[in-house]
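Scroll down for the structure; my scribbles are underneath it.
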Amino acid sequence: MEIIFTILFILAVVWGVGLLFEKFGQPLILGELLAGLVIGPPLLGLVGPPGAVFVWTPALDILAMLGMFFLMFYAGLITDPKKLGKRVKTFFGVGIAGTLMPLFLGWLVTWFFTRDFWIAIIVGLAISGTSLVTKVRILGDLGILKSKVGYTMMGGAMVDNIFTFILLAVVIKAITGEIVGPLDVLYTVALVVAFFGIALFIGYRIYPRVGKLFVHPGARGFTFALVMGLLIAGIGQMMGLHFIIGAYLAGLFVREEFVGGAFRDLDKRFQTLSHGFLGPIFIVSVAFHVSFGVFETHTLFLIALIIAAIAGKVIGAGGGAYLTGLKKREALIVGIGMNGRGTVELILAMVGLEIGILANVHVSLLVFTALATTLITPIGLKYMLRKRRKRGNANR
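Under my numbering, the residues of the sequence shown are numbered 640 to 1035, in order.
Quick look at the structure:
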């Protein structure tokens, strides 16, 4: 019975805070994170180990893990690789440069403070990601989702996520000792690319035909999509890749146009499950590893990491946009907009903790970096868009 009331309390708080943040036009992830920090051990301790008002049980850890799965599955679901072909040069310029620059700057800052190569790599990788879900919400609220810069950000974010997860797979294999030389690196990259290629081939060529044979309208269509998602994630795990990579990949091809009306409103169903139920439980679980003490003990580290995260996206993604044809002001808007990290950074932080490379202090730094960069994104975009409109009116 305890677990029911704990879930009820978490969802009620997240829902209430979400309504408040929506009212002020802020990304929902900010409210969920802050809610987790407030009700979790970092502040009030209302949710926690035995003795807390609402006890966190091992069963909730399983739900939190499923939250990671469904958040990544939904991120893949709203990614459409077919769209990359329309402006592939710009998307790849924004996505790849927007991944490598913050990865390098994050690695540099973290290595300076820790002198640990692998911690620096994981932290750099965590701040190099960007959140498609957060970006859709922010760009939609600002009315620029279907504009040139909005389209560029979404395409760049697709490449960013795919590239980030390829790098993550290589890093995990290197950390676990499966990579000892250059040939092993090439083999791992080839394995990951092959996994992506085979999975996408199954998804785009075989899955639609098989799906039409077994899927029927109603709940079974949703179940079939879920089975496919778990299957791909499981295969990835067996190949030594983290299950979130398989979950993201499965989401790329589990879409309703492949199997007709049986999958109607599939994205809405998965959005409800990921962001309305399991996602908030995962985000609250992240709060258990966060300490506000880093503001005192690691002040310079935190400030430097936030600067590296912001500058990395502005220079990398913005520079990539400019070099591939966008005007300077448009490129700057893209660079600022790519800073909306959201759940991607949190998931990568927890992966680092799970494989034993990161400690709670590093998770704390990454959580506060995610908060800061996601908060400044809509503020920075509103400012730049207002300046662009004023400039446009002045030139008339």
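Just so you know, even glycine gets a beta-carbon here, dropped at the ideal spot from N, CA and C.
First and last residue of the uninterrupted alpha helix (DSSP H) at Pro-1049: Examination of residue 1049 is not possible in this model, given that the chain is present from 640 through 1035 alone.
For Lys-787 and His-937, the rounded distance between their alpha carbons: Here the alpha carbon of His-937 sits roughly 40 Å from the alpha carbon of Lys-787.
Burial state of Ile-862 (16 or more Cβ within 10 Å): According to the sequence displayed, residue 862 carries Thr and not Ile. The residue is exposed, with fewer than 16 neighbouring Cβ atoms inside 10 Å.
Lys-907 versus Leu-891: straight-line alpha-carbon distance, rounded: Near 15 Å, if we compare the C-alpha coordinates of Leu-891 and Lys-907.
Cutoff 6 Å; reference Phe-882; Cβ partners in own chain excluding five residues on either side: Beyond the five residues adjoining it in sequence on each side, Phe-882 comes within less than 6 Å, by CB distance, of Ala-872, Gln-876 in the same chain, given in chain order.
Residue range of the alpha helix (DSSP H) that includes Lys-1041: Nothing can be reported for residue 1041, as the shown portion of the chain is limited to 640 through 1035.
Option in Val-828, Leu-705, Leu-650, Leu-747 with minimal Cα separation from Ala-950: Between Ala-950 and the set Val-828, Leu-705, Leu-650, Leu-747, the nearest pair of CA atoms involves Leu-747.
Burial state of Pro-666, where buried means 16 or more other Cβ atoms lie within 10 Å: It is buried - the Cβ of Pro-666 has at least 16 other Cβ atoms within 10 Å.
Leu-771 vs Met-793 beta-carbon contact at 9 Å: Yes, they are a contact pair.
Presumed contact (8 Å Cβ cut-off) between Lys-774 and Gly-1019, rounded CB distance: So it is not a contact: roughly 13 Å between Cβ atoms.
Inter-stretch contact (C-beta, 8 Å, three-pair minimum) for the segment 801 to 814 and the segment 1005 to 1015: No: fewer than three Cβ pairs fall under 8 Å.
Rounded straight-line distance, which links the Cα of Lys-966 to that of Val-824: Each residue's Cα considered, the two are about 37 Å apart.
Touch test, the segment 953 to 965 against the segment 691 to 698, Cβ-Cβ under 8 Å, three pairs minimum: No: fewer than three Cβ pairs fall under 8 Å.
Option in Lys-1026, Gly-779, Phe-709 with minimal Cα separation from Gly-664: When each option's Cα is compared against that of Gly-664, the closest is Gly-779.
Assigned secondary structure, Ser-697 (DSSP; H/G/I helix, E/B strand, else coil): Per the sequence shown, residue 697 should be read as Pro rather than Ser. Here DSSP, grouped into helix, strand and coil, assigns Pro-697 to helix.
Exposed unless 16 or more other CB atoms sit within 10 angstroms - verdict on Lys-812: Burial call: buried.
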